[in-house]
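Per the numbering used here, residue 1 is the first one in the sequence shown, and the count goes up by one each step.
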Amino acid sequence: MLFKNVGEYQDIQYRNVISRYYTVSPEEMPDTYNAFLDEVRKAGYTLLGPFFYTINSKLEENQDVLMELFIPVEEEYIEGALPEDFLYHSLFQVLNTVSTRILEPDDESVTEGISFLAGYIYYQGHCELTPPFFFTTTIDEKFYTDIKVGVLKE
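Put into C-alpha cells, the structure is as follows:
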C-alpha cells in the first residue's frame, strides 16, 4: 500500500559505504542482495546498515535490471580486501531528496510509488538528479520501503 505523502528536504548521508553494480533478472534480485552482503562480510567488513539500492534501468517484464547495491560498514578502506568490481566510498551522500513510503511492498505498489514520485517531482518543477533509492525497514513486524529521489529544486 502506497502512502500518498511526500517527504522533502531529506538527505542520504553515510560514511564508509561499499557498493557494486549488478545486472540481474527481477527474480534474481533477492539472492543478489544476500550474495552482495556475504561478499562484503567475507572481505572483513562489519555491516552497519541500512542496506539500500538503486534501480538504474526501466522496470519492464522479462528484462534484466541494472541496479547498484549499497551497505555502510564500520571499517575504513581495507587495501585489497574487496573484489575489483566493488566500490568503496569514504563518504556517500545525496542531498535534497523527495521520498514516499510503501507498506508491504510488491511489484505493483513499487511501480505506483515511483510513478507517484515522478509526478510530484514534475508538478513541483524539480529536476530529477538521481535514480530512485530504495530502503526497506521493518517496524512492528511490518515491512516498509522508502523510495527517495535526489532532486534539484528550481
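Beta carbons are placed, not taken as given, at the ideal position from N, Cα and C, and that holds for glycine. As the structure is a computational prediction, the values presented were derived from the model and not from experiment.
{"query": "Span separating the alpha-carbon of P83 from that of Y123", "result": "43 Å"}
{"query": "Burial state of D146, where buried means 16 or more other Cβ atoms lie within 10 Å", "result": "buried"}
{"query": "Cβ contact (3+ pairs, closer than 8 Å) linking the region 139-153 and the region 93-103", "result": "yes"}
{"query": "Local conformation of N5 per DSSP, three classes", "result": "strand"}
{"query": "CB-CB length for I71 against L47, believed under 8 Å", "result": "6 Å"}
{"query": "Alpha carbon of V98 to alpha carbon of I12, nearest angstrom", "result": "11 Å"}
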